[in-house]
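Engineer:
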Amino acid sequence: MNEFALIQRFFAEAAHATSDPSVILGIGDDCALIAPPQGQQLAISTDTLVAGRHFPLDTDAYSIGWKAVAVNLSDLAAMGARPHSILLALSLPSVDQAFLREFSRGLFAICQQYGVRLIGGDTTRSSVLSITITVLGWLPIGQAITRHAAQAGDVIMVTGTLGDAAYALQHPHSPLQHRLDQPTPRVELGQALRGVASAMLDISDGLVQDLGHIAKASGLDAQLDVECVPLHLILQQLSVSERLAHALAGGDDYELCFTVPASRVDAVTAEAVRQQIKVTTIGVMLPRQAAQTQVQLRLHQQSFELQQTGFQHFD
Ligand code: ADP
Ligand code: MG
77 MNEFALIQRF FAEAAHATSD PSVILGIGDD CALIAPPQGQ QLAISTDTLV
127 AGRHFPLDTD AYSIGWKAVA VNLSDLAAMG ARPHSILLAL SLPSVDQAFL
177 REFSRGLFAI CQQYGVRLIG GDTTRSSVLS ITITVLGWLP IGQAITRHAA
227 QAGDVIMVTG TLGDAAYALQ HPHSPLQHRL DQPTPRVELG QALRGVASAM
277 LDISDGLVQD LGHIAKASGL DAQLDVECVP LHLILQQLSV SERLAHALAG
327 GDDYELCFTV PASRVDAVTA EAVRQQIKVT TIGVMLPRQA AQTQVQLRLH
377 QQSFELQQTG FQHFD
């Protein structure tokens with residue numbers, strides 16, 4: 077099967093199945109054409125998943141398709157953007173039709189759930205399976221939620237429970253497997269936090285490391301009360317050191333971490349209840365105390381040290 081037949085069979089037809097007037101031209105030409113909505117800015121991001129590095133080699137094809145889109149939608153969510161479309165750059169060791177059928181089924185399932193169109197991409201052969209997705213979304217002008225505007229005194233909050241995916245990675249076939257394979261991007265909550273959260277990101281490399289990015293960008297320290305970090309019941313059964321390793325330094329959570337003025341916490345909680353998403357206060361932003369930004373960990377008011385703080389991309 078050649079490249080064009082492959083695109084046609086697995087990616088083009090389903091992409092054209094929905095009609096969206098903002099997509100002037102989708103798959104098939106040299107570029108896609110999009111009509112930007114008035115008063116909106118384009119939010120754009122890209123993420124690569126490499127087999128054996130970003131997901132276990134035995135991950136099912138449906139989940140790979142799902143996750144490749146989910147991690148990208150999570151980046152849009154973290155800015156408060158509304159998803160619009162994706163581009164898919166696929167590097168394949170072979171044309172395995174059974175794999176491609178399931179992969180595209182997973183990819184289109186999550187696209188449909190979030191009203192996202194596949195508008196183009198690239199397909200090539202390579203020795204390793206690798207999926208790069210570029211995601212496009214819209215933001216009302218000037219309303220992006222960045223990492224750099226947290227204020228001292230702002231409360232730190234997170235969605236969901238942390239460490240589930242890291243646990244699943246170490247315990248194959250556990251009840252938390254879906255949290256690793258098919259993460260849920262917090263797309264709707266992210267948008268609801270525009271004008272409320274002062275800073276936000278999605279947790280992909282571990283809470284402590286990622287919270288450090290907000291603190292550094294904002295010129296502040298972060299104080300984290302580790303006993304407040306929300307844990308799934310399964311993680312609550314682990315030893316303290318194990319559960320904290322997963323929840324504070326494990327990767328692949330794709331939950332949102334954001335800062336809010338204390339006066340807005342009730343509004344955030346009400347919106348989260350409406351969306352049936354758990355949100356938890358886990359700490360507070362503080363003025364910077366030393367030359368370098370610090371994420372200060374406390375366990376029951378005592379300061380506390382962690383061995384490893386997060387996923388390192390070049391280890
Ligand atoms: P070009 O030679 O201009 O790079 P290609 O032959 O790579 O074009 O792709 C032909 C069309 O198919 C383009 O519109 C491209 O965006 C689209 N396409 C290629 N690969 C994929 C893919 N994996 N998913 C979706 N669209 C794709
Ligand atoms: Mg090409």
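In terms of the working numbering, the sequence shown opens at residue 77 and continues consecutively. We put the beta carbon where it would ideally sit given N, CA and C, even for glycine.
1) Rounded to whole angstroms, how far is the Cβ of Ala241 from the Cβ of Asp151, which I believe are closer than 8 Å?
2) So who's on the other strand from Met155, going by DSSP bridges?
3) Return the CA-CA distance between Trp456 and Gly115, expressed in angstroms with no decimal places.
4) What is the C-beta distance between Val371 and Leu300, in whole angstroms, given that I count them as a contact (C-beta under 8 Å)?
5) Would you decide whether Asn78 is buried or exposed? Buried here means 16 or more other CB atoms lie within 10 Å of its CB.
6) Mapping the DSSP letters down to three states, classify Ala127 as helix, strand or coil.
7) Just to confirm, are Tyr402 and Arg201 a CB contact at a threshold of 9 Å?
8) With distances taken Cα to Cα, identify the nearest neighbour of Ala291 among Val302, Leu277, Cys304.
9) Can the beta-carbon of Ile27 be found closer than 9 Å to that of Leu164?
10) How should Thr122 be labelled, buried or exposed, when 16 other C-beta atoms within 10 angstroms of its C-beta is the threshold for buried?
11) Taking the continuous alpha helix (DSSP H) assigned at Glu318, which residues delimit it?
12) Terminal residues of the continuous alpha helix (DSSP H) containing Thr210?
13) Which same chain residues end up closer than 8 Å to Cys107 when comparing Cβ atoms and leaving out the 5 residues on each side of it in sequence?
14) For Thr335 versus Ala273, is the C-beta spacing smaller than 9 Å?
15) For the beta strand (DSSP E) holding Ala298, just list the boundary residues, first then last.
16) For Ala154, which residues from the same chain have a beta carbon less than 7 Å from its beta carbon, with the 5 sequence-adjacent residues on both sides left out?
17) So, using beta-carbon positions, are Leu375 and Gly239 closer together than 9 Å?
18) What do you reckon, are the CB atoms on Leu373 and Val284 nearer than 9 Å?
19) If you measure from the CB of Ile83, is any heavy atom of the ligand ADP nearer than 8 Å?
20) Would the C-beta of Leu194 count as close to the ligand ADP, meaning under 8 Å from any of its heavy atoms?
21) Would the beta-carbon of Leu163 be found less than 8 Å away from any heavy atom of the ligand ADP?
22) Are Pro216 and Gln313 closer than 9 Å when you measure CB to CB?
23) Just checking Leu166 against the ligand ADP - is the residue's beta carbon closer than 8 Å to any of the ligand's heavy atoms?
24) By the three-class DSSP mapping on this structure, what secondary structure does Ala119 have?
25) Sort Val211, Arg319, Ser315, Ser339 by Cα distance to Ala119 and report the nearest one.
26) Between Thr199 and the ligand ADP, is the CB less than 8 Å from at least one heavy atom?
27) How far does the beta strand (DSSP E) with Val305 in it reach, from first residue to last?
28) How many angstroms separate the CA atom of Arg129 from the CA atom of Ile83?
29) When DSSP labels each residue in this structure, what does Cys333 get in the three-state scheme?
30) For the ligand ADP, is there a heavy atom less than 8 Å away from the beta-carbon of Ala393?
31) Quick check on DSSP: helix, strand or coil for His254?
Structural biologist: So, to answer that:
1) As a position in the sequence shown, residue 241 is number 165, starting the count at 1. As a position in the sequence shown, residue 151 is number 75, starting the count at 1. Actually they are not in contact, since the Cβ atoms of Ala241 and Asp151 sit about 16 Å apart, beyond 8 Å.
2) Within the sequence shown, the letter at position 79 stands for residue 155. Looking at the DSSP assignment, Met155 forms no beta bridge with any residue, so it has no partner.
3) Absent from the structure is residue 456, since the part of the chain shown begins at 77 and ends at 391.
4) Here residue 371 refers to the residue found at position 295 of the sequence shown. Here residue 300 refers to the residue found at position 224 of the sequence shown. Val371 to Leu300, Cβ: 6 Å. Contact.
5) If you number the sequence shown from 1, residue 78 lands on position 2. Flag for Asn78 reads exposed.
6) The residue you call residue 127 lines up with position 51 of the sequence shown. Of the three classes helix, strand and coil, the one that applies to Ala127 here is strand, per DSSP.
7) Missing from the structure shown is residue 402; the chain here goes from 77 to 391 and no further.
8) The count along the sequence shown starts at 1 and reaches residue 291 at position 215. Comparing Cα positions, the closest option is Leu277.
9) Given a span of 77 to 391 for the chain in the structure shown, any question on residue 27 remains unanswerable.
10) Counted from its first residue, the sequence shown places residue 122 at position 46. Its Cβ having fewer than 16 others within 10 Å, Thr122 is exposed.
11) Within the sequence shown, the letter at position 242 stands for residue 318. Looking at the DSSP string, the run of the alpha helix (DSSP H) that includes Glu318 is 316 to 325.
12) The residue you call residue 210 lines up with position 134 of the sequence shown. Residue range 206 to 216 is occupied by the beta strand (DSSP E) that includes Thr210, with no alpha helix (DSSP H) assigned at that position.
13) Residue mapping note: residue 107 aligns to position 31 of the sequence shown, counting from 1. Excluding sequence positions up to five before and after Cys107, its CB lies within less than 8 Å of the CB of Leu101, Gly196, all in the same chain and listed in chain order.
14) Position 259 of the sequence shown, counting from 1, holds the residue named residue 335. Position 197 of the sequence shown, counting from 1, holds the residue named residue 273. It is a contact, given that the beta carbons lie within the stated cut-off.
15) Residue numbering aside, residue 298 sits at position 222 when the sequence shown is read from its first letter. Looking at the DSSP string, the run of the beta strand (DSSP E) that includes Ala298 is 296 to 301.
16) Taking the sequence shown and counting its residues from 1, the one referred to as residue 154 is at position 78. Cβ within range, chain order: Gly266, Met276, Leu277, Asp278, Leu332.
17) Residue mapping note: residue 375 aligns to position 299 of the sequence shown, counting from 1. Residue mapping note: residue 239 aligns to position 163 of the sequence shown, counting from 1. Taking 9 Å as the Cβ cut-off, Leu375 and Gly239 do not qualify as a contacting pair.
18) As a working note, residue 373 is residue 297 in the sequence shown. As a working note, residue 284 is residue 208 in the sequence shown. Their beta carbons are under 9 Å apart, which means Leu373 touches Val284 by this criterion.
19) Reading the sequence shown from its first residue, position 7 is the one you call residue 83. True, at least one ligand heavy atom lies under 8 Å from that Cβ.
20) Your numbering for residue 194 matches position 118 in the sequence shown. The closest heavy atom of the ligand ADP lies less than 8 Å from the beta carbon of Leu194.
21) Position 87 of the sequence shown, counting from 1, holds the residue named residue 163. Yes, Cβ of Leu163 sits closer than 8 Å to a heavy atom of the ligand ADP.
22) If you number the sequence shown from 1, residue 216 lands on position 140. If you number the sequence shown from 1, residue 313 lands on position 237. No, the Cβ-Cβ distance between Pro216 and Gln313 is not below 9 Å.
23) Position 90 of the sequence shown, counted from the first residue, corresponds to residue 166. For Leu166, the CB falls within less than 8 Å of some heavy atom of the ligand ADP.
24) In the sequence shown, residue 119 corresponds to position 43, counting from 1. Reduced to three states, the DSSP call for Ala119 is strand.
25) Residue numbering aside, residue 119 sits at position 43 when the sequence shown is read from its first letter. Per the Cα distances, Val211.
26) The count along the sequence shown starts at 1 and reaches residue 199 at position 123. Answer for Thr199: yes, Cβ within range of the ligand ADP.
27) Counted from its first residue, the sequence shown places residue 305 at position 229. Looking at the DSSP string, Val305 is not in any beta strand (DSSP E), and its letter there is neither H nor E.
28) Here residue 129 is taken as the residue at index 53 of the sequence shown, counted from 1. Here residue 83 is taken as the residue at index 7 of the sequence shown, counted from 1. Distance between the alpha carbons of Arg129 and Ile83: 25 Å.
29) Start at 1 with the first residue of the sequence shown, and residue 333 comes out as number 257. Cys333 carries a strand assignment under DSSP once its states are collapsed to helix, strand and coil.
30) Lying before the first or after the last residue shown, residue 393 is absent from the chain, which here runs from 77 to 391.
31) Taking the first residue of the sequence shown as position 1, residue 254 is located at position 178. Helix at His254.
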